[in-house]
Amino acid sequence: MQEQRTRRGLLIILAGAVITMVLSTRVDYSWTVFLGEHRWPFLVKVMGQTVFEGESFGGMDPVILFLITVTGVYYLTWKTQREKLIRWRPHLGFILTCAVVGGIYVVHSLKWIMGRARPEPVITEGLPFTEWFTFGPHFVTEGIYRGAFPSGHTAEAMILFTLAYVFAGTPGHSIGQRVFGWCWGVAALVYASAVGIGRCMALSHWLTDVTGAIVLSWIACHVLFHHVLRVPEQIGYVHTHGQLPDTPPVWELRLCGYLLGVVLGGAAGILGLRGIGLGESTGFIGLALAGALLALLAAWRMALFYRRVRRGLNPPVVDNG
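Residue numbers (the working numbering): 4 to 324.
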């Protein structure tokens, strides 16, 4: 029953993502230009500054402070034997994994692969406007560039959305905790949207860069919570056995390490193929082959490691009869 609800929830999220991207694509250029022309200087300033760069407190600083806290407590859950602290380990591992996967891997790999130009150089310098689902004018042959799709600030803001799953999706939580989770989820979406609008007003991102970051982050959050890290399954194990499953130390971050190889290899392979298609140097053939090899090797190692994790989550039943 729970698995059916989880699958149904994923289908609803995917359908909502498709509708959101279709609708935002239709008004992408015009709405971004409108937001740039009617910018709110205060919102643009707040969403672009951070105290960690010697500026005033900015819109992204709550996320950074939240992640610093989560990282510290996650470390303590593996170093301490305090039961009340250890029970939060699955949730903390989930939040950190979402931050790494959604806030770093997805964002930066797509920025480099898609090479979409940002609004300001398109409007003021004449760079071509491209849809979010097509390759843009930027490519690795020009050196380092800052692709537009998806919005990194918006994806980082969506890290706070993970708490909605922690409170609303964990077995055994009270109705009050679940309601709080739903309310927090709505507030987190509003916050991420505000961050994204501020970036559009600054002409740093197109509207679809923002909506794309939101839907990709939500999909990653749902898949990681229910299908990869299986947080409800871990919590259910605690309720049944009184302790966490016997999984490898810091296994969520180690899984992210293997996934990094897959992402780097996949991105290199796609960039290599694109270079071949653009008629660039033959060196891109080697890049494509090396990327594919790295991705396959990392995926194989990741699958072996994840198999160990699953054995810990689902230990074999011993028949003593």
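Glycine is no exception: its CB is placed at the ideal position from the N, C-alpha and C atoms.
{"query": "Can you tell me the Cα-Cα spacing of proline 140 and glycine 57, whole angstroms?", "result": "33 Å"}
{"query": "Are at least three pairs of beta-carbons, each pair with one atom in the region 101 to 116 and one in the region 203 to 223, less than 8 Å apart?", "result": "yes"}
{"query": "Using the Cα positions of arginine 119 and arginine 42, report the straight-line distance between them to the nearest angstrom.", "result": "22 Å"}
{"query": "Under three-state DSSP, which class holds tryptophan 221?", "result": "helix"}
{"query": "Taking just the CA atoms, how far does leucine 258 sit from tyrosine 309?", "result": "7 Å"}
{"query": "Could you give the residue range of the alpha helix (DSSP H) that holds valine 103?", "result": "92 to 103"}
{"query": "What residue range does the alpha helix (DSSP H) around arginine 2 cover?", "result": "Absent from the model: residue 2. The displayed extent of the chain is 4 to 324, so no value can be given."}
{"query": "Have a look at Phe37, Leu17, Ala270 and flag the residue whose alpha-carbon is nearest the alpha-carbon of leucine 219.", "result": "Leu17"}
{"query": "Would the beta-carbon of leucine 290 fall within 8 Å of that of leucine 300?", "result": "no"}
{"query": "Give me, in chain order, the residues of the same chain whose beta-carbon lies closer than 6 Å to that of threonine 53; leave out the 5 immediate sequence neighbours on both sides.", "result": "Gly61, Met63, Asp64"}
{"query": "Where threonine 144 and threonine 285 are concerned, what is the direct C-alpha to C-alpha distance, given to the nearest angstrom?", "result": "13 Å"}
{"query": "Which class does glycine 118 belong to by DSSP, given the choice of helix, strand or coil?", "result": "coil"}
{"query": "Of the residues His244, Leu206, His156, which one's Cα is nearest the Cα of isoleucine 217?", "result": "His156"}
{"query": "Does alanine 20 come out as helix, strand or coil in the three-state DSSP assignment?", "result": "helix"}
{"query": "Assuming proline 248 and leucine 316 form a contact by the criterion Cβ under 8 Å, report the distance between their Cβ atoms to the nearest whole angstrom.", "result": "5 Å"}
{"query": "For tryptophan 135, does the three-state DSSP call read helix, strand or coil?", "result": "coil"}
{"query": "With a 10 Å radius around its C-beta and 16 neighbouring C-beta atoms as the bar for buried, classify glutamate 255 as buried or exposed.", "result": "buried"}
{"query": "Here's a check: name, in chain order, each residue in its chain whose Cβ is nearer than 6 Å to the Cβ of glycine 294, leaving out the five neighbours to either side.", "result": "Gly268, Ala271, Gly272, Gly275"}
{"query": "Could you check whether the region 186 to 201 touches the region 129 to 140, counting it as contact only if at least three pairs of C-beta atoms, one from each stretch, sit closer than 8 Å?", "result": "no"}
{"query": "Which residues in the same chain as valine 73 place their Cβ atom closer than 7 Å to its Cβ, once the five residues preceding and following it in sequence are excluded?", "result": "Leu95, Ile98, Leu99"}
{"query": "Is arginine 42 helix, strand or coil when you go by DSSP?", "result": "coil"}
{"query": "Between the C-alpha atoms of arginine 90 and tyrosine 240, what's the straight-line distance to the nearest angstrom?", "result": "11 Å"}
{"query": "Under the rule that 16 or more other beta-carbon atoms within 10 Å means buried, what is tyrosine 78, buried or exposed?", "result": "exposed"}
{"query": "Between the alpha carbons of valine 25 and tyrosine 32, how many angstroms are there, rounded?", "result": "13 Å"}
{"query": "Do the region 161 to 171 and the region 187 to 198 meet, that is, are 3 or more Cβ pairs less than 8 Å apart?", "result": "yes"}
{"query": "Rounded to whole angstroms, how far is the Cβ of phenylalanine 170 from the Cβ of phenylalanine 183, which I believe are closer than 8 Å?", "result": "5 Å"}
{"query": "Can a CB atom of chain D be found closer than 8 Å to the CB of histidine 94?", "result": "Reference to chain D is not applicable here, since this structure consists of a single protein chain."}
{"query": "Using a threshold of 8 Å, state whether the C-beta atoms of valine 312 and threonine 211 are closer than that.", "result": "no"}
{"query": "Around the Cβ of proline 131, are there at least 16 other Cβ atoms within 10 angstroms (buried) or fewer (exposed)?", "result": "exposed"}
{"query": "Considering only their Cβ atoms, is the gap separating isoleucine 238 from proline 93 smaller than 8 Å?", "result": "yes"}
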